[in-house]
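Written out below as structure tokens is the structure these notes cover.
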Amino acid sequence: MSMSCHTSVLSTECLSLLSLRSGMIVVDGTLGGGGHTRLLAEAVGPTGLVIAVDRDAAAIERVSQTLQGLPIRYAQANFRDIPEVLDAVGVTAVNGVLLDLGISSDQLADSARGFSFDSQGPLDLRFDPTEGEPAFRLLNRLSAEHLADILFRYGEERFSRRIARKIVAARSQRPIHSACDFASLVSSAVPRTYPPQRIHPATRSFQAMRIEVNEELKSLSIALERIPSRLTAEGRLAVISFHSLEDRLVKTAMRNSQIWATLTRSPIRPSDEEVDRNHRSRSAKLRGAQRLG
Ligand SMILES: C[S@@+](CC[C@H](N)C(=O)[O-])C[C@H]1O[C@@H](n2cnc3c(N)ncnc32)[C@H](O)[C@@H]1O
21 MSMSCHTSVL
31 STECLSLLSL
41 RSGMIVVDGT
51 LGGGGHTRLL
61 AEAVGPTGLV
71 IAVDRDAAAI
81 ERVSQTLQGL
91 PIRYAQANFR
101 DIPEVLDAVG
111 VTAVNGVLLD
121 LGISSDQLAD
131 SARGFSFDSQ
141 GPLDLRFDPT
151 EGEPAFRLLN
161 RLSAEHLADI
171 LFRYGEERFS
181 RRIARKIVAA
191 RSQRPIHSAC
201 DFASLVSSAV
211 PRTYPPQRIH
221 PATRSFQAMR
231 IEVNEELKSL
241 SIALERIPSR
251 LTAEGRLAVI
261 SFHSLEDRLV
271 KTAMRNSQIW
281 ATLTRSPIRP
291 SDEEVDRNHR
301 SRSAKLRGAQ
311 RLG
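Heads up, the working numbering is the position in the sequence shown plus 20, with the first residue counted as 1.
Next up, the structure:
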């Protein structure tokens, strides 16, 4: 398996928020391409430990081959199950947790997973392809109302109803299967704009189906609720989100002043220089909080 093609977002900012010292134990709940994990492992040094979690077994396989010799333990799990992951490695509490939400460039590049618009592969969209239902099945099964609701809620798609009607009409001819078929179906359902939009017309629909298939918001709320019990006093949580609904969950959780002292009054955004270098970082928002003693 090849090296990761994912560029980590807001790395320096995450590191300084987490304020790690050598010997500390920290969880990276979203291993992805391993960029953040590597920096965390270097910061805690050989006497420390990074517990690196991802739902995607392919991410773990790829990164564990390239990051040898660093103090890292890997777990294929949902970050909402961090307490169980820690129990399995015999760790009661950790000094920090990092969550960098969403998908990695490696997942985007894997055409068998259907994350990219031009993929001929099935529109799967699961982080863990062994769990739950692939997106194409939902497209072929759910009512127009339910589909429109998903596209509107998670994708903030203005044309959710038109797209949903189009899905239902198309699947009565032939089941929807590939990512590129779904992308062109969405494109044909939304009005042409002039000048053309900078993003693909199916961007919001793909995002919405991905969030639904992976129950992303549910995982995040459960994680935000469960993480404090496994952080040491003054342990820190840093979360990078790419979607306003995620950021809202993070902001609300960190406002609970019985648990958290916030470290970021407003979210940290990437610099213009980072956005130029890595376009994917443009919508990133980083928030951090420290557990009260
Ligand atoms: C944006 S990437 C992380 C990139 C990583 N920080 C780096 O520096 O390369 C997000 C990763 O989180 C994983 N992921 C998303 N939701 C998850 C969840 N609920 N539990 C565990 N992993 C999750 C995805 O499979 C993906 O690999």
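Virtual Cβ for every residue (Gly too), placed ideally from N, Cα, C.
Item	Value
Name the residue from 31, 40, 41 and 49 whose alpha carbon lies nearest to the alpha carbon of residue 240.	49
Indicate whether the contact test is met: 3 or more Cβ pairs, each with one atom in the segment 118-135 and one in the segment 52-59, closer than 8 Å.	yes
If you measure from each residue's Cβ to the nearest non-hydrogen atom of ligand 1, which ones come out under 5 Å, in chain order?	26, 28, 50, 52, 53, 55, 56, 74, 75, 76, 79, 98, 99, 120, 122, 124, 147 and 239
Taking 8 Å as the cut-off, decide whether the C-beta atoms of residue 244 and residue 270 are in contact.	yes
Can you grab the Cα-Cα spacing for the pair residue 118 / residue 41, in whole Å?	15 Å
Can you tell which of 89, 94, 61 and 64 has the C-alpha that lies nearest to the C-alpha of residue 74?	94
On the three-pair Cβ rule with 8 Å, is the segment 23-40 touching the segment 250-263?	yes
What does the alpha-carbon distance come out to for the pair residue 140 and residue 154?	15 Å
From the DSSP output, in three-state form, read off residue 258 for me.	strand
In terms of residues, what are the limits of the beta strand (DSSP E) holding residue 93?	92-96
Tell me the DSSP bridge mates of residue 308?	258
Give the secondary structure of residue 71 by DSSP, where H, G and I count as helix, E and B as strand, and everything else as coil.	strand
Specify the secondary structure class of residue 142 as computed by DSSP and reduced to three states.	strand
DSSP three-state label for residue 247, please.	helix
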